[in-house]
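Residues 86 to 382 (the numbering used here) make up the sequence shown, in order. Backbone N, C-alpha and C define an ideal beta-carbon position, used for all residues, glycine too. All values reported here derive from a predicted model rather than from experimental measurement. Heads up: the structure comes next, in structure tokens.
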Amino acid sequence: MTQLTVPQSTFHQARLKWLLVVPLMIFFLVFFVIPVGLMFASSFNPQTLGQVSVTTELTFDNYIRFFSRSNYLMAAGRSMMLGVVVAAVTLVIAYPMAFVIAKTETPARNTFLLILVLAAMQLDMVIRLYGMMVILGDNGLINQMLVGLGLRSEGSPLQLMYNFLGVVLGLVQFALPFMILTLMGVIRGINPSLEEAARSLGASRRRAFFRVTLPMSMPGILAGSLLVFSLSISSYIVPALMGGFRVGVLPVHIFQQVADGARFQFGATIAVILFLLSAGAVAVYLRLGNRQSGGLA
Numbered sequence: 086m087t088q089l090t091v092p093q094s095t096f097h098q099a100r101l102k103w104l105l106v107v108p109l110m111i112f113f114l115v116f117f118v119i120p121v122g123l124m125f126a127s128s129f130n131p132q133t134l135g136q137v138s139v140t141t142e143l144t145f146d147n148y149i150r151f152f153s154r155s156n157y158l159m160a161a162g163r164s165m166m167l168g169v170v171v172a173a174v175t176l177v178i179a180y181p182m183a184f185v186i187a188k189t190e191t192p193a194r195n196t197f198l199l200i201l202v203l204a205a206m207q208l209d210m211v212i213r214l215y216g217m218m219v220i221l222g223d224n225g226l227i228n229q230m231l232v233g234l235g236l237r238s239e240g241s242p243l244q245l246m247y248n249f250l251g252v253v254l255g256l257v258q259f260a261l262p263f264m265i266l267t268l269m270g271v272i273r274g275i276n277p278s279l280e281e282a283a284r285s286l287g288a289s290r291r292r293a294f295f296r297v298t299l300p301m302s303m304p305g306i307l308a309g310s311l312l313v314f315s316l317s318i319s320s321y322i323v324p325a326l327m328g329g330f331r332v333g334v335l336p337v338h339i340f341q342q343v344a345d346g347a348r349f350q351f352g353a354t355i356a357v358i359l360f361l362l363s364a365g366a367v368a369v370y371l372r373l374g375n376r377q378s379g380g381l382a
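Put into structure tokens, the structure is as follows:
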């Protein structure tokens, strides 16, 4: 009987690949798994003002308090709705830009368009939001133009800030480059011959786009939407500045519980619920992605 032997070089290559993953695993363990685990454990501790350490005493009072008060439930629903709205608006705005960049073959023009997309990411988020406040404020550029055109009076400006609309506009401006870059890579990977084949069979340019290009770019649409959704529901600085703490979302409540009230256990409870909502979105994305790829749902 012939005995098959595996070359030693194969074992060395496999071992080398695992060694390359070790630094990432250690980083992931130290800076994600352990902190999130401590946060989960702290959410089951009794409420103690100013106490951060995890104890062995367990209780469900924090979760009962969250689900028994309508303001926290409304904040959770508002956070989810905010993520969905921002993802949808960002997708509608970003897809044409991503399509143009992906289909542009001239290197100089392609580089110029990429610079336009990446330029917004070079500035600090707070600076970008203050720039939007100058434009969207009650005495901002838009309201001054409306007053000058006689469409609004000085005493009744158009409310573009310190409400849900202002938070949506701020988050769309923040998340737009992420959506464009995600879509651009997927659209660029679509074989142009497929759309050409549809055109040669009699399909118009519009029909070929909706029947070929758009369905094949669905992985990028799902991935970009998930990324924008996660960034939106976990954002604190945008609701704080563009919403003026008037738009109650879960990150704002976490800040108020931890920074203002030193209620670390209840703040951890809200953070856990926010984490579970984000994880649920990931699960939905994986299920939809599996269907799009033809796998079993």
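Close Cβ partners of V367 (< 7 Å) along its chain, the five nearest in sequence each way excluded: The residue given as residue 367 occupies position 282 in the sequence shown. These residues qualify, in order along the chain: L311.
Indicate whether V283 and V297 have their beta-carbon atoms separated by less than 7 Å. For the purposes of this step, residue 283 is identified with residue 198 of the sequence shown, where counting begins at 1. For the purposes of this step, residue 297 is identified with residue 212 of the sequence shown, where counting begins at 1. It should be noted that the sequence gives Ala, not Val, for residue 283. Yes, these two residues count as a Cβ contact at 7 Å.
With a floor of 4 residues, list each alpha helix (DSSP H) that falls wholly inside the region 234-278, ordered by position along the chain. 249-273
Using CA coordinates, which residue listed in G346, S363, L362, L373 is at the minimum distance from Q136? Numbered from 1 along the sequence shown, position 51 holds the residue referred to as residue 136. The shortest Cα separation from Q136 among G346, S363, L362, L373 belongs to G346.
State buried or exposed for V219, treating a residue as buried only when at least 16 other CB atoms are found within 10 Å of its CB. Position 134 of the sequence shown, counted from the start, is the residue given in the question as residue 219. V219 should be labelled exposed.
Where G270 and F129 are concerned, what is the direct C-alpha to C-alpha distance, given to the nearest angstrom? Start at 1 with the first residue of the sequence shown, and residue 270 comes out as number 185. Start at 1 with the first residue of the sequence shown, and residue 129 comes out as number 44. Each residue's Cα considered, the two are about 43 Å apart.
Span separating the alpha-carbon of L381 from that of N375: Locating residue 381 in the sequence shown gives position 296, where the first residue counts as 1. Locating residue 375 in the sequence shown gives position 290, where the first residue counts as 1. With a pLDDT of 41 at L381, under the threshold of 50, the predicted position of this residue should be treated as unreliable, though the coordinate-derived value follows. Distance between the alpha carbons of L381 and N375: 7 Å.
In whole angstroms, what separates the C-alpha of L268 from that of P108? Locating residue 268 in the sequence shown gives position 183, counting from the first residue. Locating residue 108 in the sequence shown gives position 23, counting from the first residue. Taking the straight line from one Cα to the other gives about 30 Å.
Kindly indicate which three-state DSSP category V139 falls into: helix, strand or coil? Walking along the sequence shown from the start, residue 139 turns up at place 54. In the structure shown, V139 sits in coil (DSSP, three-state: anything other than H, G, I, E or B).
Shortest alpha-carbon distance to Q244 belongs to which of Q229, L256, L335? Position 159 of the sequence shown holds residue 244. When only C-alpha atoms are compared, the closest one is Q229.
Of the choices R372, T133, P120, M110, whose alpha-carbon is the least far from that of V343? Indexing the sequence shown from 1 puts residue 343 at position 258. Cα-wise, what sits closest to V343 is T133.
What does the Cβ neighbour count give for R290, buried or exposed, with the cut at 16 atoms within 10 Å? Here the question's residue 290 lines up with position 205 in the sequence shown. That one is exposed.
Inter-stretch contact at 8 Å, needing at least 3 Cβ pairs: the region 181-197 / the region 158-166: With fewer than three CB-CB distances shorter than 8 Å, the region 181-197 does not count as touching the region 158-166.
Name the two residues that bound the continuous alpha helix (DSSP H) containing V323. Indexing the sequence shown from 1 puts residue 323 at position 238. 322-327 is the extent of the alpha helix (DSSP H) around V323.
Quick check on the DSSP output: what are the complete alpha helix (DSSP H) runs of length 4 or more inside the region 191-231, in order along the chain? 192-204, 210-221
How big is the Cα-Cα spacing for G122 and F360? Position 37 of the sequence shown holds residue 122. Position 275 of the sequence shown holds residue 360. Those two C-alpha atoms are separated by around 12 Å.
Rounded to whole angstroms, how far is the Cβ of Y247 from the Cβ of G352, which I believe are closer than 8 Å? Within the sequence shown, the letter at position 162 stands for residue 247. Within the sequence shown, the letter at position 267 stands for residue 352. No, Y247 and G352 are not in contact; Cβ-Cβ is about 24 Å, not under 8 Å.
Do the CB positions of G168 and F259 come within less than 7 Å of each other? On the sequence shown, residue 168 is found 83 positions in, with the first residue counted as 1. On the sequence shown, residue 259 is found 174 positions in, with the first residue counted as 1. Result no, Cβ atoms of G168 and F259 do not sit closer than 7 Å.
Who are the near neighbours of Y370 in its chain, counting only those whose CB is closer than 6 Å to its CB and skipping five residues on each side? Counted from its first residue, the sequence shown places residue 370 at position 285. Within the same chain, L307, L311 come within 6 Å of Y370 by CB-CB distance, once the 5 residues on both sides are set aside.
When you compare only the Cα positions, how much space is there between V106 and G287? The residue labelled residue 106 in the question sits at position 21 within the sequence shown. The residue labelled residue 287 in the question sits at position 202 within the sequence shown. About 50 Å.
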